[in-house]
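Going line by line, the protein sequences match chains A and B. The first sequence begins at 92 in my numbering and counts up one residue at a time. The second sequence begins at 226 in my numbering and counts up one residue at a time. Ideal Cβ positions, reconstructed from N, Cα and C, are used throughout, including at glycine. None of these values were measured; they are calculated from a predicted model.
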Amino acid sequence: AQSVSQHNHHVILSEAASLELGCNYSYGGTVNLFWYVQYPGQHLQLLLKYFSGDPLVKGIKGFEAEFIKSKFSFNLRKPSVQWSDTAEYFCAVVPGYSSASKIIFGSGTRLSIRP
Amino acid sequence: DAGVIQSPRHEVTEMGQEVTLRCKPISGHDYLFWYRQTMMRGLELLIYFNNNVPIDDSGMPEDRFSAKMPNASFSTLKIQPSEPRDSAVYFCASRRPGPGDTQYFGPGTRLTVL
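If you want it as structure tokens, here you go:
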């Protein structure tokens, strides 16, 4: 079955530290990849997405992610985190070209930033 | 655009009562998704619709749950009878056709079943 793995369940960093959250998926074909963020008490919002083209994708708030097809990975990065980045981060995959493909979410990574 | 609209935002009910959650997708979006989020199980897809037709309801936990989409601008998720283990935040989301299109989430309904 298709799946998305986020191995880090909870990451704790100090402000200004660099961030990398891992995301791996299991699907051998074409994929569309997403990172969503959920701030405390709020709904999920799109951070960035990869559809085609440049595998290095830049999103909002200084986040970026790199699609590495050979590693089936789409890791999220930020060079210097802020306290306001405290949130839960979800990686998601839509396999295939079919618009009927449903999005598959990872289990999420909770990010806590120490001021 | 107002985004995905959900009501109510909070619902507290007693075990055995019927609960109806409502969702209005973004205009022009023909996919609508219902999710449930809990600490224990994370984010779960319950059911999704395309052009008002249910496509995949394999995530619906049991017969107590039902969802309808009578038209392109309205969907309901009903739980009857409700149980304490149904307590969760229920999100509705919508998107346009195309696998690369972004899924937009509503603010959620926080359901507490006593």
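Quiz item: By Cβ distance below 7 Å, which residues in the same chain neighbour N115 of chain A in space, the five residues on each side in sequence not counted?
Solution: Taking C-beta separations shorter than 7 Å and ignoring five residues to either side along the sequence, the partners of N115 of chain A in its chain run S96, F163 and S164, following chain order.
Quiz item: In terms of alpha-carbon separation, which member of B:E287, B:P306 and B:N276 lies closest to I251 of chain B?
Solution: Of the candidates B:E287, B:P306 and B:N276, the one whose C-alpha sits nearest the C-alpha of I251 of chain B is B:N276.
Quiz item: Which value, in whole angstroms, describes the spacing of the CA atoms of T177 of chain A and F316 of chain B?
Solution: One alpha carbon belongs to T177 of chain A, the other to F316 of chain B, and they sit about 21 Å apart.
Quiz prompt | Beta-carbon neighbours of G333 of chain B, restricted to chain A and to distances below 7 Å | solution = Chain A residues near G333 of chain B: H134.
Exercise. Enumerate in chain order the residues of its own chain whose CB-to-CB distance from W174 of chain A is below 7 Å, with the five nearest sequence positions on each side excluded.
Key: Residues E106, I204 and P206 of the same chain have their beta carbon placed closer than 7 Å to that of W174 of chain A, with the five preceding and five following residues left out of the count.
Exercise. For Q203 of chain B, collect the residues of the same chain with a Cβ closer than 7 Å to its Cβ; drop the 5 residues on either side in sequence, then sort them by chain order.
Key: It is not possible to answer for residue 203 of chain B, since the shown part of chain B is limited to 226 through 339.
Practice problem: Using a cut-off of 7 Å between C-beta atoms, extract the partners of L137 of chain A located in chain B. | Solution: Contact of L137 of chain A with chain B by beta-carbon distance below 7 Å involves T327.
Quiz item: In three-state DSSP terms, what is I204 of chain A?
Solution: Three-state DSSP puts I204 of chain A in a strand.
Quiz item: For V185 of chain A, which of A:R201, A:V172, A:Y141 and A:H100 has the nearest alpha-carbon?
Solution: Checking every option, the nearest Cα to that of V185 of chain A belongs to A:Y141.
Self-check item: Through-space distance from L270 of chain B to S232 of chain B, alpha-carbon basis
Solution: Answer to the nearest angstrom: the Cα atoms are 19 Å apart.
Self-check item: Host beta strand (DSSP E) of V185 of chain A (start-end)
Solution: A178 to P186 is the extent of the beta strand (DSSP E) around V185 of chain A.
Exercise. Look at K193 of chain A and Y273 of chain B and say whether their C-beta atoms are less than 9 Å apart.
Key: Contact flag set, yes.
Quiz item: Would N115 of chain A count as contacting chain B if we go by Cβ distances under 9 Å?
Solution: The beta-carbon of N115 of chain A is placed no less than 9 Å from the nearest beta-carbon of chain B.
Self-check item: Rounded separation between Y180 of chain A and W126 of chain A - CA only
Solution: Straight-line Cα distance between these residues: approximately 7 Å.
Quiz item: Does any heavy atom of the ligand HEM sit closer than 8 Å to the C-beta of F299 of chain B?
Solution: For the ligand HEM, the structure offers nothing, since it holds no ligand at all.
Quiz prompt | Contacting positions in the region 281-293 of chain B - beta carbon closer than 7 Å to chain A | solution = Shown in chain order are the members of the region 281-293 of chain B whose Cβ falls below 7 Å from a Cβ of chain A: D281.
Quiz item: What separation, rounded to the nearest whole angstrom, lies between the Cα atoms of A156 of chain A and Q136 of chain A?
Solution: Distance from the CA of A156 of chain A to the CA of Q136 of chain A, rounded to the nearest whole angstrom, comes to 16 Å.
Quiz item: By Cβ distance below 8 Å, which residues in the same chain neighbour N99 of chain A in space, the five residues on each side in sequence not counted?
Solution: Closer than 8 Å at Cβ, skipping near neighbours: L112, G113 and T200.
Quiz item: In angstroms, rounded to a whole number, what distance separates the CA positions of G241 of chain B and S307 of chain B?
Solution: One C-alpha to the other measures close to 5 Å.
Self-check item: Minimum Cβ-Cβ distance from N123 of chain A to chain B less than 9 Å
Solution: N123 of chain A counts as touching chain B.
Quiz item: Between R321 of chain B and D255 of chain B, which are expected to be in contact by the criterion C-beta below 8 Å, what is the C-beta distance as a whole number of angstroms?
Solution: Contact between R321 of chain B and D255 of chain B is confirmed by a C-beta separation of about 7 Å, below the 8 Å threshold.
Practice problem: Could you name the residues of chain B that K140 of chain A contacts, counting a contact when the two beta carbons are closer than 8 Å? | Solution: Within chain B, the residues whose beta carbon sits less than 8 Å from that of K140 of chain A are G325 and T327, listed in sequence order.
Quiz item: CB-CB under 7 Å to R289 of chain B, same chain, minus the five flanking residues each way: which ones, in chain order?
Solution: If you ignore the 5 residues before and after R289 of chain B, its C-beta comes within less than 7 Å of the C-beta of I304, Q305 and P306, all in its own chain and listed in chain order.
Practice problem: Starting from the beta carbon of S198 of chain A, find every residue of chain B whose beta carbon is closer than 7 Å, and list them in chain order. | Solution: G267, listed in chain order.
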